[in-house]
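In our numbering, the protein residues as written are 2 to 222. All C-beta atoms, glycine included, are put in the ideal place defined by N, C-alpha and C. As the structure is a computational prediction, the values presented were derived from the model and not from experiment. Some notes on the structure that comes next.
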């Protein structure tokens, strides 16, 4: 049964110079194996055109989305100065199957999921071992860490100009154009929650079908 762990632990960190909250929830589900069983039974497919996810996706069970949205989300939003409220959400299981050296530069570059201040994302790590966590960045040229509506056009334009024709690896592009500000280690049954406009990158270490995550996006239409 997929249910919230009453003994979960919640830690709030501040990211970079802009001090945006990042919430780490450890031992989030009472029985994470129940969610993994859903993933084992799911049909994984290549992501839709336009997605840069380096692997395969499958639908998340509605039970999981409901538990996170109704029981966990109201505990997280106040840390962002947002009144608890229902938010539209979607999400997927993700399995990283593409090695970092096989990604194109845009795939390997830090990105955002949305730029509304009332949009959020979560990543739930469902694997053991260090197969890669999540890193957060500052864009060197602009100094921005969180992309808001007023920053979105200039950021996307600058990023496009930087990456177009870049003659190097994704790792080299990250080092040249982005400065790391935080790195979250993966831990089994750990969920991280952050504003969707936070510049970030999934630190996939290698092509590995055991790097299973549950990814949710809130307030993104």
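Cβ pair residue i, residue j closer than 9 Å
i	j	result
residue 167	residue 141	no
residue 111	residue 152	no
residue 57	residue 50	no
residue 148	residue 121	no
residue 215	residue 40	yes
residue 64	residue 3	yes
residue 192	residue 73	yes
residue 198	residue 105	no
Among the options, nearest to residue i - alpha-carbon criterion
i	options	result
residue 69	19, 5 and 204	5
residue 195	107, 80, 63 and 131	80
residue 202	12, 114 and 158	114
residue 161	123, 107 and 221	107
residue 129	212, 123 and 198	212
residue 186	88, 11 and 131	131
residue 124	173, 157, 84 and 188	188
Where residue i falls, given that 16 or more other Cβ within 10 Å makes a residue buried
i	result
residue 169	exposed
residue 138	buried
residue 62	buried
residue 75	exposed
residue 154	exposed
residue 82	exposed
residue 86	exposed
residue 109	buried
residue 97	buried
residue 145	buried
8 Å Cβ shell around residue i - same chain, five flanking residues per side excluded
i	result
residue 66	90, 92 and 217
residue 159	140, 142 and 143
residue 46	57, 58 and 59
Own chain partners of residue i with C-beta closer than 6 Å, once the 5 adjacent residues on each side are dropped
i	result
residue 204	133, 134 and 136
residue 28	6, 9 and 190
residue 163	178
residue 23	14, 16 and 195
residue 26	9, 11 and 192
Sequence-distant residues of its chain with Cβ nearer than 7 Å to residue i (five each side left out)
i	result
residue 220	88, 89, 117, 119, 120 and 121
Ignoring anything shorter than 3 residues or poking outside the region 64 to 107, list the beta strand (DSSP E) runs there in chain order.
Runs found: 90 to 97.
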